[in-house]
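Novice: Attaching a single structure in structure tokens format; questions to follow.
There are 2 protein chains.
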Amino acid sequence: MLSKTYTKYIQGLHNKKHRDKHGSFIAEGSKVVMDLLKSQKIVCETLLGNAAWLKDNESQVRRYFPGELHAIEDYELEKISALSTPNQVLGVFKKLKPALIQVKNKIILALDTIQDPGNLGTIISIADWFGLTAIVCSETCADLYNPKVMQSTMGSIGRVDVLYQNLPEWLEKNKEMPVYAASLDGKNVNELGMVTEAIIIIGNESKGISDEVMQMAHERITIPKIGDAESLNAAVAAGIILSHITTPRL
Amino acid sequence: MLSKTYTKYIQGLHNKKHRDKHGSFIAEGSKVVMDLLKSQKIVCETLLGNAAWLKDNESQVRRYFPGELHAIEDYELEKISALSTPNQVLGVFKKLKPALIQVKNKIILALDTIQDPGNLGTIISIADWFGLTAIVCSETCADLYNPKVMQSTMGSIGRVDVLYQNLPEWLEKNKEMPVYAASLDGKNVNELGMVTEAIIIIGNESKGISDEVMQMAHERITIPKIGDAESLNAAVAAGIILSHITTPRL
């Protein structure tokens, strides 16, 4: 049975303040937990699963994780889960140390106030799809270790470094890189051709890129609109831009 | 004050069964509600807003909506809302009659079991961005009138017809159209060039396109993967494919 103290500790990790204090975070669901265990990059503190999950997965888990494995009841999982429909397993993991990011000869996404955790997670998996190894987030983005971000990264978190920075300052430091800003106007993304070194700025879901950050861009790029939609989802825009600039024109 | 009967009626509309029975649905939040009022296509039954919202919006609302406008208290909004953080306004609208869809000379998205309401809503807004006027959904897709779908369509629902069909039967009826299936293998989407008439099938978030539907496709198309992500979000894949086939090659 879970102690009251440990229950409280895990519930605390639903909030950024406690995640920062303890340097830990939670992830839920068999797929997400297994992906993190396999990542070789993220350290697992404890796994808590119900009997059915442990029966099906213990032998596989033991290939990646020698630590504490607790059988808990469904009502206990419900208490510690951050999901409205709790899953069969919850893992407590150690946060990564902030990565050092190499920018030279790379494509880097710079996210300006992406606030929706699902969007942030999806953007991380898109970056992974297109072979990017790093994303820089403004300090106003959703927290990487929010359980909903983990849910939507689809395991890509082990392969893409995510760094939180004061975005204007970080762009100033890297101003020798070509910096493109995704915008409602600008050069057609289809005209850029293949790009091998760039910083691509993606802005907030409703407000776009802030003026301070926009000033740091060398060029605005846009995804041509044919119909009447007001805006494109930020993750979709990131995916479209990366698909155009990473693929050789055939 | 809201009557018990009306409160129950609106709470019922959180569920598809009741939406189908009454032919009505709810939408929440100022942006979504205003977009639906302006759409000229969707009929509003009743609007329920708190005092602050009514004060700020009544005159604008009256340009589009002559019907019932109720002031309600925040605790009442909380009772009838389907959101975890209720907004300032909730509208009750009439469902649309199923549209007749023209396929000839069009690009149509066919969705096979897109179950996440957020994904469905996002795909509708993407279709609108790229000028598509129709989407065909398998009967196993999320319900168009789910409040979370409305939340993520960003007002595009008034411009894109969404039709629920038995997908294999519908594809059989339209087999003279070129039918492409988004897949993890197949022809590079970048090689297709500009397309003006096609059905593009997008599959389920985790299982992809079912065998029965896949058989109806004339060609598989794929988005080249450079990194190691397992899959691309379904809405992102739809956006990338549409961006490649709707834009003239420059």
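Protein sequence lines, in the order shown, are assigned to chains E and W. The first sequence begins at 3 in the numbering used here and counts up one residue at a time. The second sequence begins at 3 in the numbering used here and counts up one residue at a time. Glycine included, each C-beta is placed from N, C-alpha and C at the ideal position.
Use the C-beta contact count for residue 156 of chain E: other C-beta atoms within 10 angstroms, 16 or more gives buried, fewer gives exposed.
Specialist: buried
Novice: List the residues of chain E that residue 124 of chain W touches, going by C-beta distances under 8 Å, in chain order.
Specialist: For the C-beta of residue 124 of chain W, the chain E residues within less than 8 Å are, from N- to C-terminus, 235 and 238.
Novice: Are the region 91-103 of chain E and the region 32-45 of chain E touching by the rule of at least three beta carbon pairs closer than 8 Å?
Specialist: Touching, yes.
Novice: Output, in sequence order along the chain, the residues in the region 158-182 of chain E whose CB is closer than 7 Å to any CB in chain W.
Specialist: 158 and 161
Novice: Cα-Cα, which of W/80, W/105 and W/207 is closest to residue 143 of chain W?
Specialist: Ranking the options by Cα distance to residue 143 of chain W, first place goes to W/207.
Novice: So, residue 49 of chain E versus residue 27 of chain E, is the Cβ gap smaller than 8 Å?
Specialist: no
Novice: Could you tell me which uninterrupted beta strand (DSSP E) segments, each at least 3 residues in length, are contained entirely in the region 79-127 of chain E, listed from first to last along the chain?
Specialist: 91-96 and 109-113
Novice: Name the DSSP beta bridge partners of residue 338 of chain W, please?
Specialist: One cannot answer for residue 338 of chain W here, as it falls past the ends of chain W, which runs 3 to 252.
Novice: Determine the chain E residues that contact residue 127 of chain W at a beta-carbon separation under 9 Å, and present them in chain order.
Specialist: Result: 231, 232, 233, 234, 235 and 238.
Novice: What separation, rounded to the nearest whole angstrom, lies between the Cα atoms of residue 138 of chain E and residue 120 of chain E?
Specialist: 17 Å
Novice: Going by DSSP, what residue range makes up the beta strand (DSSP E) through residue 167 of chain E?
Specialist: 163-167
Novice: Could you tell me which of W/140, W/77 and W/159 sits nearest to residue 212 of chain W, measuring between CA atoms?
Specialist: W/140
Novice: Is residue 24 of chain E near the ligand COA, with its Cβ less than 7 Å from a heavy atom?
Specialist: Here there are no bound small molecules, and the ligand COA is not part of this structure.
Novice: Can you confirm whether the region 221-229 of chain E touches the region 185-205 of chain E when touching is taken to mean that 3 or more C-beta pairs between the two stretches lie within less than 8 Å?
Specialist: yes
Novice: For residue 200 of chain W, collect the residues of the same chain with a Cβ closer than 8 Å to its Cβ; drop the 5 residues on either side in sequence, then sort them by chain order.
Specialist: 109, 110, 179, 180, 181, 182 and 247
Novice: By a C-beta neighbour count over all protein chains shown, 10 Å radius and 16 as the cutoff for buried, is residue 134 of chain W buried or exposed?
Specialist: buried
Novice: Nearest by alpha-carbon distance to residue 105 of chain W: which of W/165, W/59 and W/88 is it?
Specialist: W/165
Novice: With distances taken between CB atoms, is the gap from residue 12 of chain E to residue 82 of chain E smaller than 8 Å?
Specialist: yes
Novice: In chain E, which residues lie less than 9 Å from residue 150 of chain W when you measure between Cβ atoms?
Specialist: In chain order: nothing, as chain E lies at least about 11 Å away.
Novice: Using the beta-carbon of each residue, which ones in chain E are nearer than 7 Å to residue 226 of chain W?
Specialist: 249
Novice: Using the three-state DSSP reduction, which class does residue 241 of chain W fall into: helix, strand or coil?
Specialist: helix
Novice: Alpha carbon to alpha carbon, what distance is there between residue 159 of chain E and residue 148 of chain E?
Specialist: 12 Å
Novice: Using the C-alpha atoms, what's the distance from residue 86 of chain E back to residue 59 of chain E?
Specialist: 23 Å
Novice: Would you decide whether residue 107 of chain E is buried or exposed? Buried here means 16 or more other CB atoms lie within 10 Å of its CB.
Specialist: Residue 107 of chain E should be labelled exposed.
Novice: Please check the pair residue 154 of chain E and residue 124 of chain E, which I expect to be a contact at CB under 8 Å, by giving their CB distance rounded to whole angstroms.
Specialist: 5 Å
Novice: Which residues bound the alpha helix (DSSP H) around residue 14 of chain W?
Specialist: 6-14
Novice: Roughly how many angstroms lie between the CA atoms of residue 245 of chain E and residue 102 of chain E, to the nearest whole one?
Specialist: 26 Å
Novice: Note down, in chain order, all residues in the region 78-103 of chain E with a beta-carbon under 9 Å from any beta-carbon belonging to chain W.
Specialist: Within the region 78-103 of chain E, the qualifying residues are 86.
Novice: How would you write the range of the beta strand (DSSP E) that residue 185 of chain E sits in, first residue to last?
Specialist: First-last of the beta strand (DSSP E) with residue 185 of chain E: 181-190.
Novice: As a quick exercise: from E/32, E/40, E/113 and E/29, pick the residue whose alpha carbon is nearest that of residue 167 of chain E.
Specialist: E/113
Novice: For a contact defined as C-beta to C-beta under 8 Å, what are the partners of residue 134 of chain E on chain W?
Specialist: 229
Novice: Since I believe residue 5 of chain W is in contact with residue 90 of chain W (beta carbons under 8 Å), could you give me their beta-carbon distance rounded to a whole number of angstroms?
Specialist: The pair is not a contact, with the Cβ atoms about 21 Å apart (cut-off 8 Å).
Novice: Under the three-state reduction of DSSP, which class applies to residue 221 of chain E: helix, strand or coil?
Specialist: Note: residue 221 of chain E maps to strand in three-state DSSP.
Novice: Compute the beta-carbon to beta-carbon distance between residue 238 of chain E and residue 69 of chain W, rounded to the nearest angstrom, for a pair I have assumed lies under 8 Å.
Specialist: At roughly 35 Å, the Cβ-Cβ gap does not stay under 8 Å, so residue 238 of chain E and residue 69 of chain W are not in contact.
Novice: Does the distance from the CB of residue 29 of chain E to the CB of residue 152 of chain E come in under 8 Å?
Specialist: For residue 29 of chain E and residue 152 of chain E, yes; Cβs fall inside 8 Å.
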